[in-house]
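Comments concern the structure below.
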Amino acid sequence: MLILDKTLAIYYSRTGTTRRIAEQVASNTNADIYEITLAEALPNDMYAVAELATNQYETNHLPALNKLPVIDHYDTILIGGPVWSGKLATPIASLLQSVDFSNKNVAAFCTSTGSYAEYDSSFRQYCQTGNLFPGLYLGNSVNETRINQWVSQI
Ligand SMILES: Cc1cc2nc3c(=O)[nH]c(=O)nc-3n(C[C@H](O)[C@H](O)[C@H](O)COP(=O)(O)O)c2cc1C
Numbered sequence: 003m004l005i006l007d008k009t010l011a012i013y014y015s016r017t018g019t020t021r022r023i024a025e026q027v028a029s030n031t032n033a034d035i036y037e038i039t040l041a042e043a044l045p046n047d048m049y050a051v052a053e054l055a056t057n058q059y060e061t062n063h064l065p066a067l068n069k070l071p072v073i074d075h076y077d078t079i080l081i082g083g084p085v086w087s088g089k090l091a092t093p094i095a096s097l098l099q100s101v102d103f104s105n106k107n108v109a110a111f112c113t114s115t116g117s118y119a120e121y122d123s124s125f126r127q128y129c130q131t132g133n134l135f136p137g138l139y140l141g142n143s144v145n146e147t148r149i150n151q152w153v154s155q156i
């Protein structure tokens, strides 16, 4: 990533893990940061969230977001979210469906408890615009070395 690039790190975080990583990513890349939030609160129970997300994917009724980020003035957009049932969390799918990333460099980062099998393919499925770079797939802890290696490829 060119040091003069203007970078925006957009993230969704339900329980704070992705927020911590997004803050580190933003700090290491001199990026601005934007948190996406849901118009309707999620259930507390993770299994209920998993069921809801499966239903949202199956019916293509992705959740409404409160406010979308304005990305006009950025060259590179880093998009972070948690893995839900192997895929991207549905708020990230909503973001990717709603924002036009044409002419932007785009790369995903995600947090998980260790398995992120379909994250990359589901991100690619929903991110139809933009110049997509390889993603960063993490567990739940900040790993500065991996963050720096990842951004150096963008
Ligand atoms: C509905 C749901 C499904 C999840 N599915 C997976 C999964 O398939 N693989 C995995 O490693 N972690 C899974 N997790 C764990 C989260 O990805 C992990 O805790 C993540 O770091 C949470 O990020 P957050 O605190 O930013 O919301 C799941 C969590 C939830 C709530």
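The opening residue of the sequence shown carries number 3 in the working numbering; numbering runs sequentially from there. Ideal placement from N, C-alpha and C gives every residue a C-beta, glycine not left out. Computed from a prediction, not measured in an experiment: that's the story for all the values here.
Asked, Found
"Residue(s) in a DSSP beta bridge with Gly82", "Tyr13 and Phe111"
"Segment limits, beta strand (DSSP E) that includes Glu42", "Run containing Glu42: none; DSSP gives neither H nor E here."
"Test item: CB-CB of Val85 and Cys129 under 7 Å", "no"
"Trp86 Cβ short of 6 Å to ligand 1 heavy atom set", "yes"
"Contact the stretch 50 to 64 vs the stretch 76 to 85: 3+ CB pairs below 8 Å", "no"
"Member of Glu37, Leu138, Ser123 and Asp122 whose CA lies at the smallest distance from the CA of Arg16", "Glu37"
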